[in-house]
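S.K.:
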Amino acid sequence: MTSPEIASLSWGQMKVKGSNTTYKDCKVWPGGSRTWDWRETGTEHSPGVQPADVKEVVEKGVQTLVIGRGMSEALKDGIQGGQLDLNC
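In structure tokens, the structure reads:
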């Protein structure tokens, strides 16, 4: 099973094939997608994506992960020293 494709992307709007939802930010994994609410894990532009954000999609079966940095590349990846500790 593969993750759904991004059907369209523009500033503040993302559509995923197979979903009627227009997302501001989203997470996708094999068989699904959902809104990515940064407040759930404390994600901010800096320090960036939190381990819990990544852990969620890895647990859903993602084998290759792409972390988008946003239209202005302002979102940091949260990786320190080249590794992301998923023991959260």
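Numbering of the sequence shown is given in numbering that gives the first Met the number 0, commencing with residue 0 and proceeding in unit increments.
By construction, the Cβ of each residue, glycine as well, lies at the ideal position given by its N, Cα and C atoms.
All values reported here derive from a predicted model rather than from experimental measurement.
Roughly how many whole angstroms lie between the Cα atoms of T42 and A51?
M.R.: Counting from 1 along the sequence shown, the entry for residue 42 is found at position 43. Counting from 1 along the sequence shown, the entry for residue 51 is found at position 52. Roughly 9 Å separates the two Cα atoms.
S.K.: For G24, which of K14, G77, M0, S71 has the nearest alpha-carbon?
M.R.: As a working note, residue 24 is residue 25 in the sequence shown. In the sequence as presented, Gly is not what sits at residue 24; that position holds Asp. Residue K14 is the option with its Cα nearest to D24.
S.K.: Mind pulling the beta strand (DSSP E) runs of 3 or more residues that sit fully within the stretch 25-52?
M.R.: 25-28, 31-34
S.K.: Apart from the five residues on each side of it in sequence, which residues of its chain come closer than 7 Å, Cβ to Cβ, to P46?
M.R.: Here residue 46 corresponds to residue number 47 of the sequence shown, with the count starting at 1. Excluding residues within five positions, the ones whose Cβ falls inside 7 Å are K75, G77.
S.K.: For the beta strand (DSSP E) holding M13, just list the boundary residues, first then last.
M.R.: For the purposes of this step, residue 13 is taken as the residue at position 14 of the sequence shown. That run of the beta strand (DSSP E) goes 12-15.
S.K.: Could you tell me which residues DSSP pairs with S9 in its beta bridges?
M.R.: By one-based count along the sequence shown, residue 9 stands at place 10. In DSSP, S9 forms a bridge with Q12.
S.K.: Going by CA-CA distance only, name the one from Y22, G30, E4 that's closest to G60.
M.R.: Indexing the sequence shown from 1 puts residue 60 at position 61. Comparing Cα positions, the closest option is G30.
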